[in-house]
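Asker:
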Amino acid sequence: MTSKLSRATAAIAAAVLTIAATVTAQTARGAAGPLMQLPDDPRAWTEKVAPDLAARAAVTTGDLDVLIAFRQPAGVQAHTVAAMRAPARLQWIADTDAAVERDWAPGGVKVLQRLSFAPIVHATVPV
Numbered sequence: 000m001t002s003k004l005s006r007a008t009a010a011i012a013a014a015v016l017t018i019a020a021t022v023t024a025q026t027a028r029g030a031a032g033p034l035m036q037l038p039d040d041p042r043a044w045t046e047k048v049a050p051d052l053a054a055r056a057a058v059t060t061g062d063l064d065v066l067i068a069f070r071q072p073a074g075v076q077a078h079t080v081a082a083m084r085a086p087a088r089l090q091w092i093a094d095t096d097a098a099v100e101r102d103w104a105p106g107g108v109k110v111l112q113r114l115s116f117a118p119i120v121h122a123t124v125p126v
């Protein structure tokens, strides 16, 4: 069980780190701007994962079914309520979705559903 928990923990860590490692520093035009950059998040990755996810991973056989929520830069948060369809926000979501799929497919992460208006992807993560 320990090695399975270690593999599951590594898979969860990879999924969580995806959030910070994607294209959030890019604007819709491709140029980085201060409002489109994420502030440092000093929390350990274990604090960024739902508490029951590690427990489920320890007893799961096969892939974990997860939702990955993206941390939103200030430039996107400003559009969250006021302008859900703001072009910069929609482009950021699309770019981040694509980056998650592209960067983590080699590790076995499969994006099952991309949401165009919400900064979330539905994916499976190998255990």
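In terms of numbering that gives the first Met the number 0, the sequence shown has 55 at position 56, counting the first letter as 1, and numbering is strictly consecutive. All C-beta atoms, glycine included, are put in the ideal place defined by N, C-alpha and C. Fair warning: this is a prediction, and the values are worked out from it, not measured in the lab.
Are the region 44 to 64 and the region 78 to 97 touching by the rule of at least three beta carbon pairs closer than 8 angstroms?
Answerer: no
Asker: Sort out for me which residues DSSP pairs residue 113 with in a bridge.
Answerer: According to DSSP, residue 113 bridges with 120.
Asker: Any C-beta of chain D sitting closer than 7 angstroms to the C-beta of residue 38?
Answerer: Protein chains in the displayed structure number just one, and chain D is not present.
Asker: In or out: residue 96 buried (at least 16 other Cβ within 10 Å) or exposed?
Answerer: buried
Asker: Applying the criterion that 16 or more other CB atoms from any shown protein chain within 10 Å of the CB defines a buried residue, is residue 116 buried or exposed?
Answerer: exposed
Asker: With a CB to CB cut of under 8 angstroms and the five nearest residues on each side skipped, what residues in its chain are close to residue 50?
Answerer: none
Asker: Expressed to the nearest angstrom, what Euclidean distance is found between the alpha-carbon atoms of residue 118 and residue 73?
Answerer: 13 angstroms
Asker: For residue 66, which residues does DSSP report across the bridge?
Answerer: 121
Asker: Could you check the C-alpha separation between residue 59 and residue 98 for me, to the nearest Å?
Answerer: Between the C-alpha atoms of residue 59 and residue 98 there is a straight-line separation of about 27 angstroms.
Asker: Might you give, ordered along the chain, the residues of its own chain that have their beta carbon closer than 6 angstroms to the beta carbon of residue 91, omitting 5 neighbours on each side?
Answerer: 75
Asker: Does residue 54 pass the burial test, meaning 16 or more other C-beta atoms within 10 Å, or should it be called exposed?
Answerer: exposed
Asker: With burial defined as no fewer than 16 other Cβ atoms inside 10 Å of the residue's Cβ, what is the status of residue 112: buried or exposed?
Answerer: An exposed status is given to residue 112, since fewer than 16 other beta-carbon atoms sit within 10 Å of its beta-carbon.
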